[in-house]
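Asks:
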Amino acid sequence: MPLDAGQVLGQRYRIIKLLGQGGFGAVYQAWDQNLERPCALKENLVITPAAQRQFSREATLLANLSHPNLPRVIDHFLVPGQGQYLAMDFIEGDDLRTLLERSARPLSETQALTWISQILDALEYLHSQNPPVIHRDIKPANIKITPGGRAMLVDFGIAKAYDPGMQTTMGARAVTPGYSPPEQYGQGST
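Each residue of the sequence shown is one higher than the one before, starting from 1456 at the first, in the working numbering.
(1) Could you tell me which residues DSSP pairs with proline 1493 in its beta bridges?
(2) By a C-beta neighbour count over all protein chains shown, 10 Å radius and 16 as the cutoff for buried, is histidine 1531 buried or exposed?
(3) Candidates Leu1464, Ala1505 and Pro1504: which alpha carbon is nearest alanine 1495's?
(4) Check whether the Cβ atoms of lysine 1472 and glutamine 1462 sit closer than 8 Å, and answer yes or no.
(5) Touching or not, the segment 1575–1590 and the segment 1531–1550, by the rule of three or more beta carbon pairs under 8 Å?
(6) In chain order, what residues of the same chain lie with their CB nearer than 6 Å to the CB of leucine 1533, ignoring the 5 residues before and after it?
(7) Given that a residue counts as buried once 16 or more other Cβ atoms are within 10 Å of its Cβ, and exposed if not, what is glutamate 1556?
(8) I need the straight-line Cα distance from histidine 1590 to phenylalanine 1545, nearest angstrom please.
(9) Of the residues Gly1604, Pro1457, Val1501 and Asn1585, which one's Cα is nearest the Cα of threonine 1569?
(10) Please list the segments of the beta strand (DSSP E) lying wholly inside the segment 1526–1568, counting only runs of 3 or more residues, in order along the chain.
(11) Let me confirm a value: glutamine 1573 is counted as buried when at least 16 other C-beta atoms fall within 10 Å, else exposed. Which label applies?
(12) Just the Cα atoms here: how many angstroms apart are alanine 1481 and valine 1609?
(13) Rounded to the nearest angstrom, what separates threonine 1624 and arginine 1492 at their Cα positions?
(14) Could you give the first and the last residue of the continuous beta strand (DSSP E) run that contains arginine 1469?
(15) Hey, out of Gln1488, Gly1478 and Arg1512, whose CA is closest to arginine 1467's CA?
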């Protein structure tokens, strides 16, 4: 059941509105009452032990990152019997998919190169971590363009720390046709 506007979670985050919803949770715009600023609150409704571990790994992974084209993680908490929550920077703007659909024409070469360069900088940063961080879900819907024109890589729901010996788990085999790497369609490692 979606959270209501005005509802406060963790005695800190006041829900403003629902931004998006899927089968396993939702993302809300919220107000961080401690820091007095907007934030995004990602909700995971699957509270099995395995799902809790995966969500905690995502929170820890993201909390240790700092790059101008990535959102910062502020907090992670559990509401018993309800779900897990990840608080992060609220990124204003539209995603690239929406911008492309709205314009009904391709981006100019200059604009495309500017934004992809920013995303590549973020990927280079992620891949230079120890261990490297692999996003695994890069697509126009996961690239937000801020009002100031900065491209931000978002939605690290199936990101992982690279381990060449591990195979992709079933839960992370979510594929977006046309964007997912071949190994996410099969049994190989990411």
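Beta carbons are placed, not taken as given, at the ideal position from N, Cα and C, and that holds for glycine.
Replies: Quick answer:
(1) Trp1486
(2) buried
(3) Leu1464
(4) no
(5) no
(6) Gln1539
(7) exposed
(8) 19 Å
(9) Gly1604
(10) 1528–1534 and 1538–1544
(11) buried
(12) 14 Å
(13) Reliability of the predicted coordinates at threonine 1624 is poor, the pLDDT of 48 falling under 50, and no value is obtained from them.
(14) 1468–1476
(15) Gln1488
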